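Okay, so the sequence shown: first residue is 1 according to the UniProt record's numbering, each after it adds one.
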Amino acid sequence: MPQYLTGKFYGFYVAGNYLVSPDGQRMTPERLRGLLWRDELELRRAGYASRRRAENGTQARQYQAKVKVIIVDLADWHSRNVGSLAG
């Protein structure tokens, strides 16, 4: 008999060696461990210590890149940098 989960996992249940989603997708413990391992490595590569910090974006806001956009007329840039030699 399947063991149904409660709370935020309502609809999920454990059947034998599988965690079964409400729509019937099955996941083995090995697959779940692999997904958690990959998630941990992706967080580490991104420079986050935990999933909570990554979701809050505290580190992303702290090191946000600044971008300056300059619009220059191509003819002016060409005459200034290349001159009349290039045509």
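Quick reminder that beta carbons are idealized off the backbone N, C-alpha and C, glycines included.
Owing to the predicted nature of the structure, the values given are computational and were not obtained by experimental measurement.
Report the CB separation of residue i from residue j in whole angstroms; it is logged as a contact under 8 Å.
i, j, result
"P29", "Y13", "About 15 Å separates the two Cβ atoms, so there is no contact after all."
"R51", "L43", "6 Å"
"M27", "L36", "With a Cβ gap of about 11 Å, M27 and L36 do not count as contacting."
Got a sec, what are the start and stop residues for the alpha helix (DSSP H) residue i sits in?
i, result
"A49", "Unbroken run through A49: none, as it is neither H nor E."
"L74", "L74 to N81"
Can you tell me where the beta strand (DSSP E) holding residue i begins and where it ends?
i, result
"Y13", "Y13 to A15"
"V20", "Y18 to V20"
To which residues of the same chain is residue i closer than 7 Å at the C-beta, ignoring the five residues directly before and after it?
i, result
"L5", "F12 and Y13"
Please list, in chain order, all residues of the same chain as residue i whose beta carbon is under 6 Å from its beta carbon, the five residues on each side excluded.
i, result
"A15", "P2"
Considering only residues of the same chain and omitting the five flanking positions on each side of residue i, which have a CB-CB separation below 8 Å?
i, result
"D39", "R51"
"S21", "G11, F12 and M27"
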